[in-house]
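Asker: Chain order of the listed sequences is A and B. Its first residue numbered 1, the first sequence is counted upward by one per residue in the working numbering. Its first residue numbered 1001, the second sequence is counted upward by one per residue in the working numbering. Built from N, CA and C at the ideal position, the CB exists for glycine as well. I have a structure here, written as structure tokens, and I will follow up with some questions on it.
Protein chains: 2
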Amino acid sequence: MAAENKKQDKREAILNAAESLFAKHGYDGVTLRAIAKEAGVDVALANYHFGPKRDLFDAVLLRRAQILNSWRLEALEATVQNAAPNPPQVKDIIRAYFEPLLKRSQVQEPGWKSYYALIAYVNSSPEWGGTLMTQFFDPMIHRFLAVLKTALPGVPDKSMYWGYHCLSGALTLAFAQTGRIDHLSDDLCKSDDLPDACDYIVDFVAAGFSDMIAASQKETATL
Amino acid sequence: MAAENKKQDKREAILNAAESLFAKHGYDGVTLRAIAKEAGVDVALANYHFGPKRDLFDAVLLRRAQILNSWRLEALEATVQNAAPNPPQVKDIIRAYFEPLLKRSQVQEPGWKSYYALIAYVNSSPEWGGTLMTQFFDPMIHRFLAVLKTALPGVPDKSMYWGYHCLSGALTLAFAQTGRIDHLSDDLCKSDDLPDACDYIVDFVAAGFSDMIAASQKETATL
DNA sequence: GTCTATACGGCGATAGAC
DNA sequence: GTCTATCGCCGTATAGAC
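In structure tokens:
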């Protein structure tokens, strides 16, 4: 079983190395050789375990997607329960989407941090964004939007989808940790302080969604 | 002068091809050979005109950055003039940031569409985001934020910077045109309808910023 | 000067020998 | 499971055509 552990160790080491490097340089910016080197294994082992490079990429994405989805759904259902029989507050729903990213102390873990940056890369990539994000995250997101609609009755679906799009753009840009806002703000804001970033983004996004109610009521009033 | 045009033609053809391909596949996903083929020129010509691959990338970014910055600053100053001596409305300032992207009919031009997608790639890339975006766009953005502050007196700088970050994330994700929202919304929303996307994003972002006033006043009141 | 054809050294993914 | 070999494509330098 020591041997079996070691096998698993190497598999994990490859996934970890791939995750970290793909997050930093994107799919094409990383070679299997670099991954193998980082993981301390032979060049061919990645191919042995995962098949071609593309499949390794999928494996990296998949590993944490399921965990993250379940955490988020848990947090969301808890929020619904807490507010029942009323619909939850918009901000509480948004929090349920953000907090699983931070609260389980995985923000410290470089693995999760890399994973978030990788998702940011995938999300805004014309090559992967449309298909992979859909594949891994859409069911969770639909549940999320359904709850949000109970808190925002009368808001058109189109607004809700574009609202989610804004949320997603803001969140993934923050988690890409490009160091951009550090420069822009002369180090007042820090790219790598994800909890701080989330505090501000949650407020901003909740305001964006909440305003849709006012807008849709105004529209109705003029009819 | 026909000869001179031809020189410019090939130079431009290389820039156009590079722009389009970099936007779709990222820096590392594109080879100089692919660019040359798309442009209909010899492999070595890109190197002759622009030097190494990396310098060609910069040249592509720079070409339209200056134009875009000047358009945005124009729109912003016009907004300021219109409202004077009062500060402009938040939503009008946001519009001044978005409309230059759309209004000059360049949305139709595939060149500009590619450029926007390329900016989206650069913006969320840990490799380029921090430095290149800063280099090309920060002065324009600072002017923009300064005007926004006149419309939002008392809002802390940190909120303003994170607000801009949210704006930037939402906007660049939309302009990345990943097709993601088409899937998510079952084609109710279209990735390639940029004017429509902007309408929704402007409202969302304006609400996010406007809410900061209420928040900062609430904070002040409790002191 | 502008541009093309070609050549070079290096490194890519991965298949097959071990 | 590991190591090596292979073949193709990479960015770039150069030589010379127009």
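Please check if any C-beta of chain B sits within less than 9 Å of the C-beta of Y115/A.
Answerer: no
Asker: Can you confirm whether L1056/B, when its beta carbon is compared against all beta carbons of chain A, has any partner nearer than 9 Å?
Answerer: Chain A contact via Cβ: absent.
Asker: To be precise: take each residue of the stretch 1149-1173 of chain B, compare its Cβ to all Cβ atoms of chain A, and keep it if any distance is under 9 Å. Which residues remain?
Answerer: D1157, K1158, S1159, M1160, Y1161, W1162, G1163, Y1164, H1165, C1166, L1167, S1168, G1169, A1170, L1171, T1172 and L1173
Asker: For a cutoff of 9 Å on Cβ pairs, would you count I1014/B as touching chain A?
Answerer: Chain A has no Cβ within less than 9 Å of the Cβ of I1014/B.
Asker: Hey, V1147/B and V1202/B: beta-carbon distance below 9 Å or not?
Answerer: Cβ atoms of V1147/B and V1202/B: not closer than 9 Å.
Asker: Looking at the secondary structure, which residues open and close the alpha helix (DSSP H) in which W162/A lies?
Answerer: D157 to A176
Asker: Whose C-beta lies closer than 6 Å to the C-beta of R64/A among residues of the same chain, with five residues either side of it excluded?
Answerer: Y115
Asker: What is the C-beta distance between A1096/B and R1072/B, in whole angstroms, given that I count them as a contact (C-beta under 8 Å)?
Answerer: 7 Å
Asker: Pick out whichever of D186/A, L61/A and D157/A has its Cα sitting closest to the Cα of G111/A.
Answerer: L61/A
Asker: P52/A lies in the alpha helix (DSSP H); which residues open and close that run?
Answerer: Per DSSP, P52/A belongs to no alpha helix (DSSP H) and is neither H nor E.
Asker: On the three-pair Cβ rule with 8 Å, is the stretch 1120-1139 of chain B touching the stretch 119-131 of chain A?
Answerer: yes
Asker: Going by CA-CA distance only, name the one from P100/A, A207/A and T220/A that's closest to P195/A.
Answerer: P100/A
Asker: Please look up how many angstroms separate the CB atoms of S1191/B and T1178/B, rounded, as I've assumed it's under 8 Å.
Answerer: 6 Å
Asker: Going by DSSP, what residue range makes up the alpha helix (DSSP H) through G1111/B?
Answerer: Element bounds for G1111/B: P1110 to N1123.
Asker: If the cut is a Cβ gap below 9 Å, which residues of chain A does A1197/B touch?
Answerer: W162 and H165
Asker: Could you please give the first and the last residue of the uninterrupted alpha helix (DSSP H) stretch that includes V1147/B?
Answerer: From DSSP, the alpha helix (DSSP H) with V1147/B extends over T1134 to A1151.
Asker: For M1/A and F22/A, what's the separation of their Cα atoms in angstroms?
Answerer: In this predicted model, M1/A has a pLDDT of only 45, less than 50, meaning its place in the structure is not dependable; the value taken from the coordinates is given anyway. If you take the alpha carbons of M1/A and F22/A, they lie about 31 Å apart.
Asker: Is the CB-CB distance between S1168/B and Y161/A below 9 Å?
Answerer: Contact flag unset, no.
Asker: Closer than 6 Å by C-beta to D55/A: which residues in its own chain qualify, once you throw out the five before and the five after it? Chain order, please.
Answerer: none
Asker: My guess is that A174/A and H1165/B are in contact by the Cβ rule of under 8 Å, so how many angstroms apart are they, rounded?
Answerer: 7 Å
Asker: I need the straight-line Cα distance from A197/A to N86/A, nearest angstrom please.
Answerer: 29 Å
Asker: Let me know the secondary structure DSSP gives Q217/A once reduced to three states.
Answerer: helix
Asker: Would you report the Cα separation of E219/A and P88/A, rounded to the nearest angstrom?
Answerer: 24 Å
Asker: Which residues in the same chain have their Cβ closer than 7 Å to the Cβ of I181/A, if we skip the five residues on either side of it in sequence?
Answerer: C189 and S191
Asker: On the CB-based measure, 16 or more other CB atoms within 10 Å of its CB, does G129/A come out buried or exposed?
Answerer: buried
Asker: Determine which residues of the stretch 1085-1112 of chain B have a Cβ less than 7 Å from any Cβ of chain A, and write them out in chain order.
Answerer: none
Asker: Pick from K113/A, N69/A and H49/A: whose alpha carbon is nearest that of A136/A?
Answerer: The question names Ala, yet the displayed sequence has Phe at residue 136/A. Of K113/A, N69/A and H49/A, the residue nearest in Cα terms is N69/A.
Asker: Secondary structure at W1128/B, three-state DSSP: helix, strand or coil?
Answerer: coil
Asker: Does the beta carbon of Q1217/B come closer than 9 Å to any beta carbon on chain A?
Answerer: Chain A, which has no Cβ nearer than 9 Å to the Cβ of Q1217/B, makes this no.
Asker: Does any residue of chain B have a CB that is nearer than 9 Å to the CB of T220/A?
Answerer: no
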